[in-house]
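In the numbering used here, the protein residues as written are 1 to 489.
Ideal Cβ positions, reconstructed from N, Cα and C, are used throughout, including at glycine.
Computed from a predicted model, the values in this text were never measured in an experiment.
In structure tokens, the structure reads:
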């Protein structure tokens, strides 16, 4: 029997941990405090299994048993015997993934790398792996396992086209430790995105055409999942209301099951009354809405045309009126933003009653149109070639220079905004006013008091480094040069 280990890496900061980006090695007391905070953050952040590894571990090949190591919860099992290791690689955590790969390869274990970073930057990965997988791996993983069994592992596996999601693909939870997670009921009904927001990599990775699973298959999966976990369901589609007719039929079918579910949608749901009613009746408790900018001037430079200013607040209020909690995801630092933007965001939150506000800093993701444009404009804060600098962080560092706001003013205004929004008073009020899941709303908002505290601390540390090392970046003019000094993590 061949033993395969699938690994999901974690970050030491942001949503996976409480440490700040710029922290040195913490003291024992800090480690103890971090441990307590990390446990609380995991719970408050609704820690869920890695969907991609759930799918891969569900591929059954005779003579192969697959296991999952989620590094958010456990140490690497380096002392156990493994025949093959597969690692999901995200650009922000690529160095961590490569270090893990090296540890196993030192022990003579074959390593396969896949995921978004490998797909976009394969040449940067080949030296760390025995094989790499490019594209969506649903239909490739079986080939990888079969070839490995036969000792014919190829150096590269490439998905020449997007997988057909309408074909049956049973998802198993056998490799999960169910008790670890807030829920293990992750359901994906579609891939792709019809929109073209320049900062998003969803359509870069999954295409513009919406691909759907067969509704009968999704319903059967819900039935199966309920057998061993009756907790909340998370529909992980990037936009669960993108195809109105499909969503209406699916969630109408799910009404008799009386599940509770959360997902991600566009604010346009507020203008889709029939679908909104079906969502509410089928047990929708909360939705993450990609609001980003609250004005047309903010969104237009980034090709986000689906959120129109004159209907945005009304749509959000309609969703909450239907009894669904709203996580409002905002971005500060868009090209149309000015120093008036924080006030506009704060007013929008107050007017609409957003239950959980998430205040993100514009983040250029390598491989997106935004990244390439900012590189050509000389606005990246790190060299374009140093793609690993563009890691995921909890709004903890500025990765690109705002177009209309000086860096020092931006950091001060962002810090002031998050300090006003995330207080114990606001956490209590949002929890009380939430349409449902009041305890979860409280946990989220309380954890954000800590998380945005880290953000402010790191941003001010970055600002001090800029003043001493790169003062020219603090001018209102955009320098056509990159940072020569890189932050060490």
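Residue 291 is positioned such that its CB atom lies no closer than 8 Å to that of residue 263. Residue burial annotation: residue 150 is exposed, with fewer than 16 other C-beta atoms found within 10 angstroms of its C-beta. Here DSSP, grouped into helix, strand and coil, assigns residue 306 to coil. The bridge partners DSSP lists for residue 173 come to none.
With a 10 Å radius around the Cβ and a threshold of 16 neighbouring Cβ atoms, residue 158 comes out exposed. In this structure, DSSP gives residue 294 a state outside helix and strand, which the three-state scheme calls coil.
Under the 10 Å beta carbon count, residue 224 is surrounded by fewer than 16 other beta carbons and is classified as exposed.
For residue 123, the secondary structure class from DSSP, reduced to helix, strand or coil, is helix.
Every alpha helix (DSSP H) of 4 residues or more that sits fully in the segment 136 to 206 is shown, in chain order, as 141 to 149 and 202 to 206. In the structure shown, the three-state DSSP call for residue 67 is strand.
At a Cβ-Cβ threshold of 8 Å, residue 363 and residue 399 count as neighbours. Contact check for residue 370 against residue 198 passes: the beta carbons are separated by less than 8 Å.
For the pair residue 446 and residue 427, the CB atoms are nearer than the 8 Å cut-off.
At the C-beta level, residue 104 and residue 85 come within 8 Å of one another. Ranked by Cα distance from residue 190, the options 203, 212 and 131 are led by 212. Residue 155 sits close to residue 131, with the two beta carbons spaced by under 8 Å. Look at residue 268 here: in three-state DSSP terms it is helix. Rounded to the nearest angstrom, the Cβ distance from residue 459 to residue 397 is 7 Å, consistent with a contact under 8 Å.
Taking a contact to require three or more Cβ pairs closer than 8 Å, the segment 166 to 174 and the segment 203 to 221 qualify as touching. Per DSSP, the continuous beta strand (DSSP E) segment holding residue 87 begins and ends at 84 to 88. The segment 294 to 311 makes contact with the segment 340 to 354, as at least three CB pairs between them are under 8 Å.
For residue 289, the pairing in a beta bridge is given by DSSP as 265 and 328.
In the three-state reduction of the DSSP assignment, residue 360 falls in the strand class. Straight through space, the alpha carbons of residue 5 and residue 73 are spaced by roughly 15 Å.
Membership of residue 92 in any alpha helix (DSSP H) is not indicated, and neither H nor E is assigned to it by DSSP. Distance between residue 414 and residue 153, taken at the CA atoms: about 49 Å.
Residue burial annotation: residue 120 is buried, with at least 16 other C-beta atoms found within 10 angstroms of its C-beta. Secondary structure at residue 59: coil, using DSSP grouped into helix, strand and coil. In the DSSP assignment, residue 370 falls within the unbroken alpha helix (DSSP H) covering 369 to 376. Within the model, the alpha-carbon separation for residue 310 versus residue 48 is close to 35 Å. In this structure, residue 272 sits away from residue 240, with a CB-CB distance that is not shorter than 8 Å. Per DSSP, the unbroken beta strand (DSSP E) holding residue 114 starts and ends at 110 to 114. Runs of the beta strand (DSSP E) spanning 3 or more residues and lying entirely within the segment 224 to 254 occur at 233 to 235, in chain order. In terms of Cβ geometry, residue 387 and residue 88 do not form a close pair [threshold 8 Å]. According to the DSSP secondary-structure assignment, residue 131 is paired through a beta bridge with 112.
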